[in-house]
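Here is the structure we will look at, set down as structure tokens.
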Amino acid sequence: PAPVYLDCDTGIDDALALTYLLHSSKVRLVGIGTVSGNTSSQEAAANTQSLLRAHGSSVPVAVGCRDPLGGSYRGGAPHVHGTNGIGDVSLPAGDDVTSEGAPEMLLRLAREHGTDLDIVAIGPLTNLAHALSLDPTLPRRVGTLTIMGGAVWAPGNITGSAEANLFNDAEAARQVLAAGFTTVLVPLDVTVAHCFDDGDAEAFTRAGTSLHVALGAMLHRYIDFYESVDHVRRAPLHDPLAAAIAVGDIETVTRETALAVTLDGPEQGRTVAVADGPTVQVVVGAGQDTADIIRGGILAAGPSAGR
Ligand code: BDR
Ligand code: CA
């Protein structure tokens, strides 16, 4: 299995993505770094450790950056992800975090695994930008970077034009998108078309393990939020779709695009397609049966599956 470093702001859809990655026999999570976004980097790490414990996994978790580059943590998204980041579902505490910071963990894993190491980033890109400032050669020493973030031709979700992960640290996004990684960007343009509904949450609840029961409760809560804005009881699979694409489980249509990131003003965090500059592969389409694939992977996760 391919070694993967996951960078996340756990987060309800991050929890689903983490579970999907844990179930897969094609990848092996070798480290997880947390960043502030949906909740603080510290709380995201505690959430991640609880989920790993419920799964029966002991992947090392490093706390990453609390504050975005040049700014301060804005307090998360309690209206979307609950006050604790995972829908106010309480889970037993997991192992302690490592003493390493997340950027340092990423650099160490890059040294150990070289271009075999793939990176999956499903939160703001602050840790990756810090790692780049410590070692600008990182992009050519690792494999693929898959990012959930951006709204390239579609509207935003945190503002009319910006997606939350890129909005929460626009400067980090600018640096990472221009750094020369082999990048696959999974933006709102594609994620909003792939959703879970209450039936998926009920399937997790019925599965009966403590992990699945918790995911079911989180998913109902996540759907409550989306119902309040979209008036439909379904929630987009932002982070799990990026995870499944990174694993290679989903067929995609991509468009090679150079992107600029708007740094401030009312369009802060907006991704704008431009004529020149380093390009990324923007995912603009994904197979029809993605929700089935992702649900199946999550249901298959557990102490006896994956690792
Ligand atoms: C992204 O922002 C976060 O709220 C989600 O976890 C996802 O990574 C969607 O815009
Ligand atoms: Ca996330």
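In the UniProt record's numbering, the protein residues as written are 4 to 310.
The C-beta atom is built at its ideal place from N, Cα and C for all residues, glycine as well.
In this text the structure is predicted, and so the values were computed from the model without any measurement.
Check	Outcome
Below 5 Å from a heavy atom of ligand 2 - residues by beta-carbon	D12, G14, D17, I125, G126, D242
Runs of beta strand (DSSP E) lying entirely within the segment 91 to 138, each at least 3 residues, in chain order	121 to 124
Neighbour-count burial assignment, T118, 16 or more Cβ in a 10 Å radius	exposed
Collapsed DSSP secondary structure at T51 in the structure displayed	helix
Which of helix, strand or coil DSSP assigns to I248	helix
3 or more residues per run - each beta strand (DSSP E) lying fully within the segment 187 to 260	198 to 200, 237 to 239
Validate contact between the segment 115 to 135 and the segment 51 to 64 using beta carbons, cut 8 Å, 3 pairs	no
Among A154, G34, D99, G59, the one whose alpha carbon lies nearest that of E107	G34
beta-carbon M151 near ligand 1 non-hydrogen atom, thresh 7 Å	yes
Check: V285 C-beta below 7 Å from any heavy atom of ligand 1	no
Cα-Cα separation, N160 to C198	15 Å
Rounded Cβ spacing between V275 and T265 (contact assumed at less than 8 Å)	6 Å
Any 3 or more C-beta pairs closer than 8 Å across the segment 243 to 261 and the segment 215 to 227	no
Inter-residue CB distance, R298 and A206 (contact presumed, cutoff 8 Å)	6 Å
Cβ-Cβ separation, R56 to D98 (assumed contact under 8 Å), whole Å	7 Å
Beta-carbon contacts of R177 that lie in its chain and below 7 Å, excluding the five residues immediately before and after	V264, L266
Closer than 7 Å: G104 CB and nearest ligand 1 heavy atom	no
Burial state of T140 (16 or more Cβ within 10 Å)	exposed
V83 Cβ short of 7 Å to ligand 1 heavy atom set	yes
Local Cβ density within 10 Å of L109, reported as buried at 16 or more and exposed below that	buried
For Y8, the residue or residues it bridges with in DSSP	G34, I122
Residue range of the alpha helix (DSSP H) that includes L180	173 to 180
Under 8 Å between C-beta atoms of D192 and V232	no
Per-residue burial, H234 [other beta carbons within 10 Å of its own, 16 or more giving buried]	exposed
Neighbour-count burial assignment, G272, 16 or more Cβ in a 10 Å radius	buried
T42 vs G14 beta-carbon contact at 8 Å	yes
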